[in-house]
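Q:
In my numbering, the protein residues as written are 48 to 485.
(1) What number of angstroms, rounded off, separates the C-alpha of residue 81 from the C-alpha of residue 443?
(2) For residue 91, name the three-state secondary structure that DSSP assigns.
(3) Tell me whether the beta-carbon of residue 185 lies closer than 7 Å to the beta-carbon of residue 92.
(4) Can you give me the C-alpha to C-alpha distance between residue 403 and residue 278, rounded to a whole angstrom?
(5) For residue 305, does the three-state DSSP call read helix, strand or coil?
(6) Please classify residue 256 as buried or exposed, where buried requires at least 16 other C-beta atoms within 10 Å of its C-beta.
(7) DSSP three-state call for residue 286: helix, strand or coil?
(8) Taking 8 Å as the limit between beta carbons, can you name the residues of its chain near residue 432, skipping five residues before and five after?
(9) Looking only at C-alpha atoms, which of 469, 435, 159 and 127 sits nearest to residue 264?
(10) Hey, out of 422, 396 and 395, whose CA is closest to residue 371's CA?
(11) Quick check on residue 72: does DSSP put it in helix, strand or coil?
(12) Which residue from 411, 195 and 236 puts its Cα closest to that of residue 77?
(13) Distance, Cα to Cα, residue 69 vs residue 320?
(14) Quick one: what's got a C-beta closer than 8 Å to residue 234's C-beta in the same chain, skipping five residues either side?
(15) Starting from residue 371, trace the alpha helix (DSSP H) both ways and give me its first and last residue.
(16) Classify residue 397: buried if its beta carbon has 16 or more other beta carbons within 10 angstroms, exposed otherwise.
(17) Decide if residue 484 is buried, meaning its Cβ has at least 16 other Cβ atoms within 10 Å, or exposed.
(18) So, does the CB of residue 253 fall closer than 7 Å to a CB anywhere in chain D?
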C-alpha cells in the first residue's frame, strides 16, 4: 500500500501536475469566452426564448450557457464534434480516407485531422449564418442603428472564429493535458448548468409540496443509474489466451495463460455524444427555420419534422436509442484493438491461441462472434441507461431536471471515469518508467 509520501513523489515526478494545471487553464479560458457577448445583440430576449424552447434549451446546456448569452462561443464544440463524426463515417465509405486512417500511420492521421478542421470551419460558417438569420427575425434582438450588412458579416466571422477557438482549446487539452478535450468541454458545460436546474427544481417543488416524494424517487433513480453506468463502463469480457513455452538455456519462458479484455462499452461516452450531436443538428436547423414566415406545405413539413426531432417527444427518444446502438457498433468497428482478423493474425504470429479453437480464420470468426455479442449487450445497456432518467422525469412529473437526466448524466459519469482512468494510467506508466531507470 503506497504511503502519502510515495503518492506525492509520484505526483511530482510524473508531470501529471503540469498536465492537470494546463487542462484547468484551458477550461477556464473556455468559461471566460462564454461570458463575452457578441456586440450589438440583446441577449436577454434570446435567453428568454431559449429557456422556453426545448431544442434551444437543450443545445444551450451543451454549450455551457454560451448560446443563451449569445457569446463568441455560442456554437460551442458542436461543429467540431459533427465534423469528426462525418469524417469518421466518410473514412469507412471512401477508400482514400480509409487508407489515410489505417495504412498511412501518423502522417495519414494528421492529414485526416486537417480535413476535419477545414470541414469544421465550413459547418461553423453555415451554422452562424442560420443563427444570425434567426436572430434577425426576433423583434428587438439586434440593436437598431447598425449597418445591417457589416453587422451580419462581422457576427458570422466572430461566431466562426469562436467555434474554431473552442476546437483549438479541445485539441490542446487532448494533446498536452489530461482527458479528451471535446468531452471535457461538454462535461464542464453540463456541470455549469446544474445550479440553474437545481434552482428551477427547488422552486417547482416549493410551489407544489406533493412533488417532494417524486423528487426523492427521481434522485434515487439518478443514483442507481450512475451505479449502473460505472458498472457498465468498467465491465469487460475476458478471452483466455494460451501462450507457448520457450526454452532458453536451462530456463523456460512463457506458458502462462493471459487474456484479452474486451470492454462491454468500447466507445465510452462517444456514442452518446455523437448521437446528441447528430440529432441536435436537424433539431436546431428546424427550430431556426420555424421562426421564418412559412405557409402551406412548407409550414406543415417543418412542423412535422419539428415534432419528430423535439427532445421531449417519444419519437425523438426512439431515434436516439437506435442511434446509440448503431453508433456503439460503428465505434467498436473502427477501434484498432477490436479488429478480429488483426488480433487472430497477431496471436498466430506469436504462437498463442484461444483454448479449443484453431489459429487463423477460426480464431477470427470466434472473436468476431464474441465481439458482436459483447457490443450488442453494451449497446442495448447504453441505450436503455440513457433513456431511464428521461422516463423517470416524465413519471415523477419533475421535468426541470430532464435535460440533465436524459443525456447529460451518462456523459458526466463517463467523462469523469475516463479522466480518473487516464490519471491512473499516467501515474502507473511513469512509475514503471522510474522503476526501470533504477
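For every residue, glycine included, the Cβ atom is placed at its ideal position computed from N, Cα and C. All of these numbers come straight from a predicted model, not from anything done at the bench.
A: On the basis of the supplied data:
(1) 33 Å
(2) helix
(3) yes
(4) 30 Å
(5) strand
(6) exposed
(7) strand
(8) Once the five neighbours on either side are set aside, the close Cβ partners of residue 432 are 272, 275, 276, 279 and 457.
(9) 435
(10) For residue 371, the nearest C-alpha among the options comes from 422.
(11) helix
(12) 236
(13) 24 Å
(14) 458, 459, 462 and 463
(15) 361-381
(16) It counts as exposed.
(17) Residue confidence is low: residue 484 scores 47 on pLDDT, short of 50, so the model does not pin down where it sits. Its coordinate-derived value is still stated next. Under a 10 Å Cβ-count criterion, residue 484 is classified as exposed, with fewer than 16 other Cβ atoms of the shown protein chains found around its own Cβ.
(18) Reference to chain D is not applicable here, since this structure consists of a single protein chain.
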